[in-house]
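Peer 1:
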Amino acid sequence: MNLKSFLFALIFLLVTFAQLASAQEPSALNKETIRPVLDTVNPYEAVTVNDHDPRLNVYQNIVSMGAVGDGVTDNSVLLQNAINSGYAVIVPEGIFNFSATLTLKKDSLILGIGKKAVLRYTGTGTALREPEGSYVNGYDNLKLMNFTLTTNSNSQTGIELTNNYQVTLSGLFIDGAVVGFRTAGVHIIGGSPSTNSAIIRIVDGEIWFCVGDAIRISGPGGGAGIWIEHNHISGNQLGVNQVIPYGAWPATNFHIKNNVIEGNITGAIQAEVLYASSITGNYFENIANSTAVLVRIANNGFAQGLNISENLFGGKNAQFNIDMNGSADVTGSIANNVFAGASIAAIRVNTARGLVIENNTLETGTVPTVVSLGAGSRSVWIKDFNNASYLSGSATTQPNLTLGGRLILGSASFKGNGGTIETRTSDGSSYASLIAQSFKQASGPTWSSGTTVPSGSCITGSLYTRTNGGAKTTLYVCEGSVWSAK
């Protein structure tokens with residue numbers, strides 16, 4: 102064979118081999134131990150060349166260990182062995198059933214190839230759990246990424262984290278399938294008053310159709326440093342439910358940001374205790390005709406240093422979009438939101454003690470009032486110029502307010518016009534200078550006016566101005582519970 106013939110034959114063999122390789126079955130490729138392609142463009146991707154995670158060097162594909170993704174085989178033992186191996190675990194395309202709770206280890210990393218990489222729990226307890234916690238042997242450093250976790254049974258919990266620090270749940274599709282995850286899709290627990298879970302990131306995922314809550318934070322120690330960002334949370338009991346804790350720092354630095362939280366049965370967010378926390382840039386919407394309050398905060402606890410801003414609320418038939426009706430102090434800012442579907446007020450707060458409400462927009466015809474304040478409120482600033490309003494508590498001393506825009510007290514309506522205060526005219530079409538003013542000091546003298554002679558008992562020191570009186574009949578003073586003309 103001459104050189105030309107030899108080269109031709111060699112090229113033919115190489116081309117033939119490449120064609121055979123490209124036609125290889127996906128199931129065969131799945132059996133290899135592989136290393137995933139890393140995102141070199143996005144430095145914020147949780148798994149990237151900038152991560153410097155030593156586990157990126159060795160990945161173990163569960164199929165190479167004998168797991169079968171046929172939606173029938175029970176892979177409990179094989180999956181647990183893969184986790185115990187200490188390697189990062191790859192879940193390829195397939196439905197991998199397991200019936201026993203999988204116990205995560207320190208530094209566990211489970212990485213799927215996307216939504217079609219499915220771990221399906223067929224048991225009745227918790228699917229994935231890390232029970233050791235960071236109070237023993239250091240931080241947990243868990244990463245669960247880019248796979249589906251679902252169930253076909255009356256299971257209790259999808260992922261349970263107790264006293265865990267440094268956990269990333271990224272790109273997960275958690276599906277309760279309408280039958281399971283009856284406590285929560287993700288349950289974060291602070292085990293005691295002196296221990297909590299902290300630095301938990303739930304990002305870029307979906308949590309759907311859990312019988313219980315999508316995300317639940319509970320236990321006496323609560324949580325700190327909880328980031329819930331860029332998720333679609335729908336069809337659960339509550340979107341995010343923080344049960345009241347009582348530890349030293351039970352709920353600090355929660356950030357619920359840029360999520361779509363819609364169609365959950367009893368509302369989007371319930372949080373009983375929040376320090377230095379924010380709810381920003383979210384889209385909230387109720388199920389059609391639902392009366393659920395979308396965001397309930399501090400009804401049995403308190404909130405301090407709270408920022409609720411740049412959200413869109415679709416409350417449907419709710420009385421309030423935001424309800425903070427507890428007896429403890431609420432401080433912070435509610436600003437730049439769009440409110441729709443609240444039959445009484447966009448916001449109800451019982452004990453505001455340093456609360457700024459500004460630049461919010463009300464959907465015409467579905468939200469009559471910005472805020473309803475309770476008797477215990479003090480130092481409230483309302484700075485809305487677009488339909489700003491305030492509904493007072495019944496028969497209570499009014500809070501201290503700084504107002505820009507329009508103020509509503511029951512059926513009366515006031516507005517500022519430079520240095521002048523005006524009231525709405527009787528037909529409601531415009532404003533005019535104040536007439537028939539009535540000022541009252543709590544349980545003390547009053548100052549009122551009218552066209553007739555005042556009658557009946559009065560509080561000593563009260564004043565009455567008669568608008569059509571003549572000399573010595575224009576001003577009346579209450580002396581000894583009797584009106585006297587001056």
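Counting in our numbering, the sequence shown runs from 102 upward without gaps. Each residue gets a CB set at the ideal place from its N, CA and C atoms; glycine is no exception. It should be emphasised that the depicted structure is a prediction, and the values quoted were computed from it without experimental measurement.
Between Q181 and Y160, what straight-line distance do the alpha-carbon atoms span, to the nearest angstrom?
Peer 2: For the purposes of this step, residue 181 is identified with residue 80 of the sequence shown, where counting begins at 1. For the purposes of this step, residue 160 is identified with residue 59 of the sequence shown, where counting begins at 1. Looking at the two C-alpha atoms, the distance is approximately 15 Å.
Peer 1: For the alpha helix (DSSP H) containing L339, list its first residue and its last residue.
Peer 2: Start at 1 with the first residue of the sequence shown, and residue 339 comes out as number 238. L339 -> no alpha helix (DSSP H), and no H or E assigned at all.
Peer 1: Could you compute how far the alpha carbon of S434 sits from the alpha carbon of F414?
Peer 2: Locating residue 434 in the sequence shown gives position 333, counting from the first residue. Locating residue 414 in the sequence shown gives position 313, counting from the first residue. So the two alpha carbons sit approximately 16 Å from each other.
Peer 1: Here's the rule: buried if 16 or more other CB atoms are within 10 angstroms of the residue's CB, otherwise exposed. What is K573?
Peer 2: Locating residue 573 in the sequence shown gives position 472, counting from the first residue. Exposed, by the Cβ-count rule.
Peer 1: Which two residues bound the contiguous beta strand (DSSP E) that contains L250?
Peer 2: Here residue 250 refers to the residue found at position 149 when the sequence shown is read from its first residue. L250 -> beta strand (DSSP E) spans 249 to 252.
Peer 1: When you compare only the Cα positions, how much space is there between L220 and S293?
Peer 2: The residue labelled residue 220 in the question sits at position 119 within the sequence shown. The residue labelled residue 293 in the question sits at position 192 within the sequence shown. The alpha-carbon atoms of L220 and S293 are separated by roughly 31 Å.
Peer 1: When DSSP labels each residue in this structure, what does A393 get in the three-state scheme?
Peer 2: Mapped onto the sequence shown, residue 393 falls at position 292. The answer is coil: DSSP assigns A393 none of H, G, I, E or B.
Peer 1: Is the CB-CB distance between N422 and N451 below 9 Å?
Peer 2: By 1-based counting over the sequence shown, the position of residue 422 is 321. By 1-based counting over the sequence shown, the position of residue 451 is 350. No, Cβ-Cβ distance for N422 and N451 is not below 9 Å.
Peer 1: Can you list, in chain order, the residues of its chain with a C-beta nearer than 8 Å to that of D171? Leave out the 5 residues immediately preceding and following it.
Peer 2: The residue labelled residue 171 in the question sits at position 70 within the sequence shown. Excluding sequence neighbours, D171 sits near G195, I196.
Peer 1: Note down, in chain order, each residue of its chain lying with its Cβ closer than 7 Å to the Cβ of N354, except the 5 sequence neighbours on either side.
Peer 2: As a position in the sequence shown, residue 354 is number 253, starting the count at 1. If we look at N354 and ignore the five residues flanking it on each side, its Cβ neighbours are A325, G326, A377, S378.
Peer 1: Near N247, which residues of its chain fall below 8 Å by C-beta distance, leaving aside the five closest residues on each side in sequence?
Peer 2: Numbered from its first residue, the sequence shown carries residue 247 at position 146. Answer for N247: L212, G213, I214, G215, A218, S271, G272, L273, listed in chain order.
Peer 1: On the CB-based measure, 16 or more other CB atoms within 10 Å of its CB, does L108 come out buried or exposed?
Peer 2: Position 7 of the sequence shown holds residue 108. With a pLDDT of only 45 at L108, under the threshold of 50, the placement of this residue in the model should not be trusted; the figure read from the coordinates follows. So L108 ends up on the exposed side.
Peer 1: Rounded to the nearest angstrom, how far is the Cβ of V341 from that of F310, given a contact under 8 Å?
Peer 2: Within the sequence shown, residue 341 is the residue found at index 240, counting from 1. Within the sequence shown, residue 310 is the residue found at index 209, counting from 1. At roughly 16 Å, the Cβ-Cβ gap does not stay under 8 Å, so V341 and F310 are not in contact.
Peer 1: May I have the straight-line CA-CA distance separating E133 from N162, to the nearest angstrom?
Peer 2: In the sequence shown, the residue the question calls residue 133 occupies position 32. In the sequence shown, the residue the question calls residue 162 occupies position 61. Its pLDDT being 40, under 50, E133 is placed unreliably by the model, and the measurement read from it follows with that caveat. The alpha-carbon atoms of E133 and N162 are separated by roughly 7 Å.
Peer 1: Of all the options R479, S428, R397, which has the alpha carbon lying nearest to the alpha carbon of A447?
Peer 2: If you number the sequence shown from 1, residue 447 lands on position 346. Of the candidates R479, S428, R397, the one whose C-alpha sits nearest the C-alpha of A447 is R397.
Peer 1: From the DSSP output, which residues share a beta bridge with C579?
Peer 2: Residue numbering aside, residue 579 sits at position 478 when the sequence shown is read from its first letter. According to DSSP, which records beta bridges pairwise, C579 is partnered with W584.
Peer 1: Spell out the partners DSSP gives N162 in its beta bridges.
Peer 2: As a position in the sequence shown, residue 162 is number 61, starting the count at 1. Answer is I191.
Peer 1: For E363, count neighbouring Cβ atoms within 10 angstroms of its own Cβ and tell me buried if that reaches 16, exposed if not.
Peer 2: The residue given as residue 363 occupies position 262 in the sequence shown. It is buried - the Cβ of E363 has at least 16 other Cβ atoms within 10 Å.
Peer 1: Just how far apart, CA to CA, sit G570 and K587?
Peer 2: Stepping through the sequence shown from its first residue, residue 570 is reached at position 469. Stepping through the sequence shown from its first residue, residue 587 is reached at position 486. In a straight line, the C-alpha of G570 is about 11 Å away from that of K587.
Peer 1: Measure the alpha-carbon distance for N383 versus S550 and round it to whole angstroms.
Peer 2: Sequence index remark: in the sequence shown, residue 383 carries index 282 (1-based). Sequence index remark: in the sequence shown, residue 550 carries index 449 (1-based). Going by the C-alpha atoms only, they are around 49 Å apart.
Peer 1: Is DSSP giving L179 helix, strand or coil here?
Peer 2: Position 78 of the sequence shown, counted from the start, is the residue given in the question as residue 179. In the structure shown, L179 sits in a helix (DSSP, three-state: H, G or I).
Peer 1: Count the other CB atoms, across all protein chains shown, that sit within 10 Å of the CB of T561; report buried if there are 16 or more and exposed otherwise.
Peer 2: By 1-based counting over the sequence shown, the position of residue 561 is 460. That one is exposed.
Peer 1: Using 10 angstroms around the beta-carbon of A147, count the other beta-carbons present and answer buried if the total reaches 16, otherwise exposed.
Peer 2: The residue given as residue 147 occupies position 46 in the sequence shown. Because the pLDDT at A147 is just 39, under 50, the model does not fix this residue reliably, and the value given afterwards should be weighed accordingly. It counts as buried.
Peer 1: Report back the beta-carbon spacing between A404 and L375 to the nearest angstrom; my notes put them in contact at under 8 Å.
Peer 2: Taking the sequence shown and counting its residues from 1, one reaches residue 404 at position 303. Taking the sequence shown and counting its residues from 1, one reaches residue 375 at position 274. Their Cβ separation, rounded to whole angstroms, is 4 Å, which keeps A404 and L375 in contact under 8 Å.
Peer 1: Quick one: Cα of N337 to Cα of H288, how far?
Peer 2: What you label residue 337 is simply residue 236 of the sequence shown in a count that begins at 1. What you label residue 288 is simply residue 187 of the sequence shown in a count that begins at 1. Cα to Cα, N337 sits roughly 13 Å from H288.
Peer 1: Tell me, which residues are paired with N198 by DSSP?
Peer 2: Here residue 198 refers to the residue found at position 97 of the sequence shown. DSSP output for N198 lists D175, R221 as bridge partner(s).
Peer 1: Which residue's Cα is closest to the Cα of S480: T467, T465, G466, A453?
Peer 2: Locating residue 480 in the sequence shown gives position 379, where the first residue counts as 1. Cα-wise, what sits closest to S480 is A453.
Peer 1: Compute the Euclidean distance between the alpha carbons of M166 and T251, then round it to the nearest angstrom.
Peer 2: Locating residue 166 in the sequence shown gives position 65, where the first residue counts as 1. Locating residue 251 in the sequence shown gives position 150, where the first residue counts as 1. For M166 and T251, the distance between alpha carbons rounds to 22 Å.
Peer 1: Once DSSP output is grouped into helix, strand and coil, what is the label at N437?
Peer 2: Position 336 of the sequence shown, counting from 1, holds the residue named residue 437. Looking at N437 - three-state DSSP - the assignment turns out to be coil, as it is neither helix nor strand.
Peer 1: Quick one: using the 10 Å Cβ neighbour count with 16 as the cut-off for buried, is T249 buried or exposed?
Peer 2: Indexing the sequence shown from 1 puts residue 249 at position 148. The residue in question, T249, is buried, as its Cβ has 16 or more Cβ neighbours within 10 Å.
Peer 1: Under three-state DSSP, which class holds N185?
Peer 2: In the sequence shown, the residue the question calls residue 185 occupies position 84. DSSP places N185 in helix when its eight states are reduced to three.
Peer 1: Tell me G213's beta-bridge partners as DSSP assigns them.
Peer 2: Residue 213 sits at position 112 when you count from the first residue of the sequence shown. V192.
Peer 1: Give me, in chain order, the residues of the same chain whose beta-carbon lies closer than 6 Å to that of E411; leave out the 5 immediate sequence neighbours on both sides.
Peer 2: As a working note, residue 411 is residue 310 in the sequence shown. Within the same chain, E411 has close Cβ partners T381, G382, N437.
Peer 1: Please identify the residue among S444, R449, S335 whose C-alpha is closest to the C-alpha of Q420.
Peer 2: The residue you call residue 420 lines up with position 319 of the sequence shown. Minimum Cα distance to Q420 is reached at S444.
Peer 1: Whole angstroms are fine: how far does the CA of L243 sit from the CA of R302?
Peer 2: Within the sequence shown, residue 302 is the residue found at index 201, counting from 1. Within the sequence shown, residue 243 is the residue found at index 142, counting from 1. C-alpha separation (whole angstroms): 10 Å.
Peer 1: Per the DSSP calculation, E231 is bridged to which residue(s)?
Peer 2: Reading the sequence shown from its first residue, position 130 is the one you call residue 231. DSSP output for E231 lists L262 as bridge partner(s).
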